[in-house]
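S.K.:
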Amino acid sequence: MTQPNPAVMHGAQSAMAKLASRQTQFIFNEWYVAAMAGEVNRTLFKRTILGRSIVFFRTQAGEAVAMDDRCAHRSYPLSASTLDGDTIVCRYHGIRYDAEGNWIEVPSQEKCPKNTGVRSYKLIEQGALIWIWMGDKTAADTAHMPTQPWMVASEWARTNGAMHLKGNYVSLHENLMDLTHLTYLHADTIGTPDYAKAQFDVVLNEHEFILRRNVVPTKLPPVWGKPTGLEGSETAARIAQSRFVAPSLHEVSVTFYESTLPAETRPEFQIKTAHLVTPETHSSTHYFILHGRNFALEDTAIGEFMHENLFAAFNEDVVGLALVEDALERADDEFYEISIGSDRASVAMRRYLKMRADSERAE
Ligand code: FES
Ligand SMILES: [Fe+2]
12 MTQPNPAVMH GAQSAMAKLA SRQTQFIFNE WYVAAMAGEV NRTLFKRTIL
62 GRSIVFFRTQ AGEAVAMDDR CAHRSYPLSA STLDGDTIVC RYHGIRYDAE
112 GNWIEVPSQE KCPKNTGVRS YKLIEQGALI WIWMGDKTAA DTAHMPTQPW
162 MVASEWARTN GAMHLKGNYV SLHENLMDLT HLTYLHADTI GTPDYAKAQF
212 DVVLNEHEFI LRRNVVPTKL PPVWGKPTGL EGSETAARIA QSRFVAPSLH
262 EVSVTFYEST LPAETRPEFQ IKTAHLVTPE THSSTHYFIL HGRNFALEDT
312 AIGEFMHENL FAAFNEDVVG LALVEDALER ADDEFYEISI GSDRASVAMR
362 RYLKMRADSE RAE
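Heads up: the sequence shown begins at 12 in my numbering, then just goes up one per residue.
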């Protein structure tokens, strides 16, 4: 390869500086998925979210609660302490916390200081998911949850799961935004050779970024060919849309049909996947997934078949992004990346994430 031209290198580096990356601050004033509902129960449970260690439990009445996992006295982890009714008793010197994170008893003295304790978090439980507002609790914006109607509607059947990703959350959003990679990274699962070359269009709104790709005619991989009955057809249609909804949610929607049938009468099958992206640290991400279909609602065997095959594919992303993370970790001062045409939506999305992080920081 020829040596990099210093002017090109400088231009590429300054363009990259405007995009969110693994170095960018986290965005706190947002809802993120903290856990699957079944993970939070009457046993103390800890999870790191946006670099903060947080302890969760359910009150006796069944409400999920969360607070910082570090005793305000001498930093003992509350997750390694004792759940007593709806309170946590620190296992080091016995200070007792209520479910709001306030001190309510200091055993070694008569009076308990008022307005003392640890930060607690606003949680909202919706179906299989528990969401957390990571910013100032009093500013929790419940009117703007990222939840999409299909994620809770009875017209959709859903399965869910979670994975742990050794990679930055920006890399995961970027992976989800441009499905060109299906042909290569998912060659053995959900990719087909024609996918990367298929026509696409991009919609860039103020804080919503969309890439649509129409793969027609095509042959569907078994994961969708079997459940839709289109397996074997050489003239199926696969209309895919990737949409960045929020820092915590990327939605992928796909419609399948037989392209040789009249539009008015042909059956159409839709799937949607909520890729729920929760940064753990700058180099790791909690990756929750809710997968929905609007057909074969009662057919659990179809649900299980799709779930198993899709999670095998999502695991390919987890493995691939860990390799990317390794390369990014080793990057030196001369490092830069070059974007291509199909990166337009993801570049706009990364610019938006950077702007959000910078403006929170300025506040
Ligand atoms: S560290 Fe928790 S009571 Fe002292
Ligand atoms: Fe993928």
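All C-beta atoms, glycine included, are put in the ideal place defined by N, C-alpha and C.
1) Give the straight-line distance between the Cα atoms of E269 and L321, rounded to the nearest whole angstrom.
2) Just jot down, in chain order, the residues whose CB lies closer than 5 Å to any heavy atom of ligand 1.
3) Look at the alpha carbon of T153 and the alpha carbon of E74, and state the distance between them as a whole number of angstroms.
4) M47 and L140 look like a contact to me (Cβ under 8 Å); what is the Cβ gap, rounded to whole Å?
5) Applying the 10 Å Cβ sphere with the 16-neighbour rule, what's the burial state of P273?
6) Quick one: residues with CB closer than 6 Å to any heavy atom of ligand 2, in chain order, please.
7) Three-state secondary structure (DSSP) at G172?
8) Tell me which residues share the same chain as S131 and place their Cβ nearer than 6 Å to its Cβ, disregarding the 5 neighbours each side in the sequence.
9) Would you say A234 and M317 are within 8 Å of each other, going by their C-beta atoms?
10) Which residues in the same chain have their Cβ closer than 7 Å to the Cβ of N186, if we skip the five residues on either side of it in sequence?
11) Kindly indicate which three-state DSSP category P228 falls into: helix, strand or coil?
12) Going by CA-CA distance only, name the one from S25, F67, A209, G62 that's closest to E136.
13) So, is K179 buried or exposed, given that buried needs 16 or more other C-beta atoms within 10 angstroms?
14) Find the nearest neighbour of H84 within the set R63, I106, V76, G96, judged by alpha-carbon distance.
15) In this structure, does DSSP put T149 in helix, strand or coil?
16) Contact between the segment 38 to 46 and the segment 17 to 27 is defined here as three or more beta-carbon pairs at a separation below 8 Å; is this criterion met?
17) Since G236 sits in a beta bridge, which residues does DSSP pair it with?
18) Pull the bridge partners of K57 from the DSSP assignment, please.
19) For L378 versus L176, is the C-beta distance shorter than 8 Å?
20) DSSP puts T98 in a beta bridge; with which residues?
21) With R249 as the anchor, note down where its beta strand (DSSP E) starts and where it stops.
22) In terms of residues, what are the limits of the beta strand (DSSP E) holding V265?
23) What does the alpha-carbon distance come out to for the pair Q210 and W114?
24) Quick check on DSSP: helix, strand or coil for A139?
25) Could you tell me whether the Cβ atoms of F263 and A248 are closer together than 8 Å?
26) State whether the segment 116 to 124 contacts the segment 85 to 92, with contact taken as three or more CB pairs (one from each stretch) at a distance under 8 Å.
27) Distance, Cα to Cα, L55 vs S90?
28) Cα separation between H286 and C123?
29) Report the residue from L260, A31, Y298 whose alpha carbon sits nearest the alpha carbon of M366.
30) Using a 10 Å radius around the Cβ and a threshold of 16 neighbouring Cβ atoms, would you call A251 buried or exposed?
31) Would a C-beta distance cut-off of 8 Å place L241 and F267 closer than the cut-off?
32) Do you know offhand how far G236's Cα is from V330's?
33) For F37, which of helix, strand or coil comes out of DSSP?
34) With a CB to CB cut of under 7 Å and the five nearest residues on each side skipped, what residues in its chain are close to Q71?
M.R.: A quick look at the data gives this:
1) 22 Å
2) C82, H84, R85, Y87, C101, Y103, H104, I106
3) 17 Å
4) 7 Å
5) exposed
6) N186, H192, L196, H197, D328
7) strand
8) M78, E111, G112
9) The sequence as given places Val at residue 234; Ala does not occur at that position. It is a contact, given that the beta carbons lie within the stated cut-off.
10) H192, D328, L332
11) strand
12) F67
13) The sequence as given places Asn at residue 179; Lys does not occur at that position. Answer is buried; the Cβ neighbour count reaches 16.
14) I106
15) helix
16) no
17) Paired residue(s): none; G236 is not in a bridge.
18) V66
19) Summary: the structure shown does not reach residue 378, with the chain confined to residues 12 through 374, and so no result is reported for it.
20) D95
21) 247 to 257
22) 260 to 269
23) 59 Å
24) coil
25) The displayed chain sequence assigns Val, not Phe, to residue 263. No, they are not a contact pair.
26) no
27) 5 Å
28) 44 Å
29) A31
30) buried
31) yes
32) 25 Å
33) coil
34) G96, D97
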